[in-house]
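K.L.:
Chains A and B supply the protein sequences, listed in that same order.
Each residue of the first sequence is one higher than the last, beginning at 2 in the working numbering.
Each residue of the second sequence is one higher than the last, beginning at 5 in the working numbering.
Yeah, the Cβ is synthetic: ideal placement off N, Cα and C, and Gly gets one too.
Owing to the predicted nature of the structure, the values given are computational and were not obtained by experimental measurement.
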Amino acid sequence: KNEVEQSPQNLTAQEGEFITINCSYSVGISALHWLQQHPGGGIVSLFMLSSGKKKHGRLIATINIQEKHSSLHITASHPRDSAVYICAVEGLDSNYQLIWGAGTKLIIKP
Amino acid sequence: SAVISQKPSRDICQRGTSLTIQCQVDSQVTMMFWYRQQPGQSLTLIATANQGSEATYESGFVIDKFPISRPNLTFSTLTVSNMSPEDSSIYLCSVTGQGGDYGYTFGSGTRLTVV
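1) How would you write the range of the beta strand (DSSP E) that Q10 (chain B) sits in, first residue to last?
2) Please classify S98 (chain B) as buried or exposed, where buried requires at least 16 other C-beta atoms within 10 Å of its C-beta.
3) Determine the closest residue to P111 (chain A) out of A:N3, A:H79, A:V5, with distance taken between C-alpha atoms.
4) Please confirm if the segment 49-63 of chain A is in contact with the segment 95-107 of chain A, defined as three or more CB-CB distances below 8 Å between the two stretches.
5) Is D30 (chain B) helix, strand or coil when you go by DSSP?
6) My output table needs one value for E90 (chain B): the three-state DSSP class, helix, strand or coil.
7) Please report the residue range of the beta strand (DSSP E) in which L99 (chain A) lies.
8) Whole angstroms is fine: what's the gap from N65 (chain A)'s alpha carbon to A59 (chain B)'s?
9) Which same chain residues end up closer than 8 Å to N54 (chain B) when comparing Cβ atoms and leaving out the 5 residues on each side of it in sequence?
10) Name the DSSP bridge partner or partners of L36 (chain A)?
11) What did DSSP end up calling D82 (chain A) once you bin it into helix, strand or coil?
12) Taking the alpha carbon of I67 (chain B) as the point to measure from, which residue in B:Y39, B:F79, B:T83 has its own alpha carbon closest?
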């Protein structure tokens with residue numbers, strides 16, 4: 002079993018829909034990261050969380066440390082949100098190394 | 005956050021040759037990492053680049069194949085040696101620990117094709 006599990010693996014939705022991507026992990030962590038990778042390969046860090054909730058524009062990330070679970074939400078989704086969304090965690094003794102989820106490929110249709 | 009310049013952005017190389025990828029950061033960073041992403045796969049950590057000493061390699065990666073240099077806190081190189089078609093991947097550098105901000109920043113990647 003992978004230490005970081007994401008669901009769904011693939012998600013196709015219509016423009017305007019509310020999107021939720023889930024991430025569960027099995028190790029103790031110091032932080033959880035949500036990242037976005039566009040088809041060209043570039044990776045952008047969206048959020049770093051150690052507790053609670055963060056919001057940036059239409060993106061919201063939450064984490065429940067007790068349940069070892071995080072969600073990434075996109076409100077009013079748009080075709081430009083189409084990308085792979087990756088959850089990654091820093092283990093407690095990881096020396097900054099990330100444990101990566103497999104990613105969720107999101108396609109937003111106009 | 006830090007700004008990374010990664011070069012080259014892409015290259016097509018003959019098997020048996022070597023390619024050196026550069027990663028230049030606009031500020032001093034604590035940690036620099038090199039990743040490989042094979043087609044359709046998630047990122048795999050190759051090694052942690054250590055300033056002034058040998059890199060720390062992950063299982064399955066060795067220094068002879070992927071020599072890494074990090075002469076200072078803002079620059080690192082990864083060489084892919086004696087390339088074969090199986091080395092065709094995207095290679096990315098990543099940094100963290102810049103000025104107390106422990107988010108991660110990624111280079112734009114080097115898309116390598118070995119023919």
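P.N.:
Taking the coordinates as given:
1) If you number the second sequence from 1, residue 10 (chain B) lands on position 6. Where Q10 (chain B) is concerned, the enclosing beta strand (DSSP E) stretches over 8-11.
2) If you number the second sequence from 1, residue 98 (chain B) lands on position 94. Residue burial is scored here from C-beta neighbours: S98 (chain B) has at least 16 other C-beta atoms within 10 angstroms and is therefore classed as buried.
3) Sequence index remark: in the first sequence, residue 111 (chain A) carries index 110 (1-based). Looking at the Cα atoms, A:H79 is the closest of the given residues.
4) As far as the Cβ criterion goes, the segment 49-63 of chain A does not touch the segment 95-107 of chain A, which means the pair count is below three.
5) Here residue 30 (chain B) refers to the residue found at position 26 of the second sequence. Coil.
6) For the purposes of this step, residue 90 (chain B) is taken as residue 86 along the second sequence, with counting starting at 1. If DSSP states are grouped into helix, strand and coil, E90 (chain B) belongs with the helices.
7) Within the first sequence, residue 99 (chain A) is the residue found at index 98, counting from 1. Run containing L99 (chain A): 99-101, per the beta strand (DSSP E) assignment.
8) Taking the first residue of the first sequence as 1, we reach residue 65 (chain A) at position 64. Taking the first residue of the second sequence as 1, we reach residue 59 (chain B) at position 55. Distance between the alpha carbons of N65 (chain A) and A59 (chain B): 35 Å.
9) Taking the second sequence and counting its residues from 1, the one referred to as residue 54 (chain B) is at position 50. Around N54 (chain B): T60, R74.
10) On the first sequence, residue 36 (chain A) is found 35 positions in, with the first residue counted as 1. Answer is A:S46, A:I87.
11) Translated into positions along the first sequence, residue 82 (chain A) becomes position 81. Here D82 (chain A) sits in helix by DSSP.
12) By 1-based counting over the second sequence, the position of residue 67 (chain B) is 63. When each option's Cα is compared against that of I67 (chain B), the closest is B:T83.
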